[in-house]
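Notes to accompany the following structure.
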Amino acid sequence: MHGTSAGKPADSGTPHFDEPGRATSGEIGRRAAEGIAMIRADLSEAAYRRAEGYLAGLDADWARHIAAIGPCRLAAKPAREPYEALLRAVAYQQLHARAGDAIVGRLLALYADASFPSPRQILDTDPELQRQCGFSAAKLATIRGIAQAALEGVVPARAQAMAMADEALIERLVPLRGVGRWTVEMLLIYTLERSDILPADDWGVREGYRRLKGLQAAPARRKMAEIGQAWSPYRTIAAWYLWRVPAT
């Protein structure tokens, strides 16, 4: 895995890095002066080690938890197009992973000649056949809407998405039916390898923090986002660890 600058031309809109995921001081100053959001995209092993050291240094709770869990093993799927990542995320919404696997497997079986159906293939297929894969009516409408949005260019191709700031991509995609902020944050983490994303309304993140700190109640989304500022620029890795705080 690598930062967004690898192989990019100088005018690509992405920062130039001395090492994966770390912009030069001159680049940081220039982009800050121009009001351009930094794109932090480094889920390499070296970045994980830096993040672990940073988070463990915050306090004894983080240090104990990271020591207990061990190295971060977050596995992104950077080869996927945003369109595919969104469809998969919708398929898994509010489902156990095994149920989501089964639904996606049945969908892929409808398109044996493709590794993943194209937007045109999704739209040209009888919706009833797709319903039989296990999609609810609402999810199927969302999936077909995403396919249409991909054809219209609303859902960007991977190359374009790589150059978009986190909030810019979120603002572009959340107007789509059935696509919320969490869905786009999963795209940012698992497909675009963004390393500073905190899904603050994710129950697992908020509950994990409650357990980590021994709180009576989990923080609300806004409070969770505020607390998480201290974990930047490694909020993605912080979320991965919070998902793994055991129940006591």
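Following UniProt numbering, the numbering of the sequence shown begins with 1 at its first residue and continues without gaps.
The beta carbon of each residue, even a glycine, is placed where N, CA and C say it ideally should be.
On the premise that residue j lies in contact with residue i, defined as a C-beta separation below 8 Å, what is that separation, rounded to the nearest angstrom?
i       : j       : result
Ser-136 : Ala-41  : Going by Cβ atoms, the distance from Ser-136 to Ala-41 rounds to 33 Å, so no, they are not a contact pair.
Val-104 : Arg-88  : 6 Å
Val-155 : Tyr-83  : 5 Å
Val-179 : Thr-142 : 7 Å
Leu-86  : Leu-187 : 6 Å
Ala-76  : Tyr-234 : Rounded, the Cβ-Cβ distance is 15 Å, inconsistent with contact.
Trp-231 : Leu-74  : Their Cβ separation, rounded to whole angstroms, is 14 Å, which puts Trp-231 and Leu-74 out of contact at 8 Å.
Leu-129 : Leu-110 : 6 Å
Ile-39  : Ala-165 : 6 Å
Arg-206 : Pro-219 : 6 Å
Arg-106 : Cys-133 : 4 Å
Leu-169 : Ala-157 : With 8 Å as the limit, Leu-169 and Ala-157 do not qualify as a contact, their Cβ atoms being about 12 Å apart.
So for residue i, helix, strand or coil by DSSP?
i           : result
Thr-236     : helix
His-123     : One point to set straight first is that residue 123 is Leu, not His, in the sequence displayed. It is helical.
Ala-218     : coil
His-65      : helix
Leu-110     : coil
Ala-6       : Caution applies to Ala-6, whose pLDDT of 31 falls short of 50 and renders its modelled position unreliable; the value that the coordinates give is listed next. Here Ala-6 sits in coil by DSSP.
Glu-81      : coil
Arg-244     : coil
Gly-70      : coil
Ala-163     : coil
Thr-191     : coil
Val-184     : helix
Met-38      : coil
Gln-229     : helix
Gly-178     : coil
Leu-43      : coil
Leu-173     : helix
Gly-134     : coil
Glu-152     : coil
Glu-57      : Looking at the sequence provided, one finds Gly at residue 57 rather than Glu. Here Gly-57 sits in coil by DSSP.
residue 249 : Limits of the chain in this structure are 1 at one end and 248 at the other, which puts residue 249 out of reach.
Ile-197     : coil
Leu-86      : helix
Ala-157     : coil
Leu-212     : helix
Among the options, whose alpha-carbon lies nearest the alpha-carbon of residue i?
i       : options                           : result
Tyr-209 : Val-184, Ser-232, Trp-243         : Trp-243
Glu-185 : Ser-44, Ala-230, Ile-197          : Ile-197
Glu-45  : Cys-72, Met-38, Gly-53            : Cys-72
Val-90  : Gly-53, Arg-158, Ile-146          : Ile-146
Pro-199 : Ala-102, Glu-152, Ala-238         : Ala-238
Gly-214 : Ala-60, Arg-222, Asp-101, Gly-100 : Ala-60
Tyr-193 : Asp-126, Leu-58, Trp-62, Ala-79   : Checking the displayed sequence, the identity of residue 193 turns out to be Glu instead of Tyr. Here the closest residue by C-alpha is Ala-79.
Glu-81  : Ala-51, Trp-203, Ser-115, Ala-168 : Ser-115
Trp-182 : Pro-127, Asp-101, Arg-221         : Arg-221
Arg-226 : Gly-57, Ser-118, Asp-201          : Correcting the residue type first, residue 226 is Glu in the shown sequence and not Arg. When each option's Cα is compared against that of Glu-226, the closest is Asp-201.
Gly-248 : Gln-148, Ala-99, Gln-94, Gln-216  : Strictly speaking, residue 248 in this sequence is Thr, with Gly absent from that position. It is Gln-216 whose Cα lies nearest to the Cα of Thr-248.
Trp-203 : Gly-70, Pro-117, Gln-93, Thr-125  : Gln-93
Tell me, please, whether the CB atom of residue i is closer than 8 Å to any CB atom in chain D?
i       : result
Arg-177 : Any reference to chain D falls outside this structure, which holds one protein chain only.
Within 10 Å of its beta-carbon, does residue i have 16 or more other beta-carbons around it, so buried, or fewer, so exposed?
i           : result
Arg-64      : exposed
Gly-228     : buried
Lys-139     : buried
Ala-68      : exposed
Pro-246     : exposed
Trp-240     : buried
Asp-113     : exposed
Glu-171     : exposed
Arg-50      : buried
Ala-149     : buried
Leu-58      : exposed
Glu-167     : exposed
residue 296 : Look at the range of the chain in this structure, 1 to 248, and you will see that residue 296 is not part of it.
Glu-152     : exposed
Arg-144     : buried
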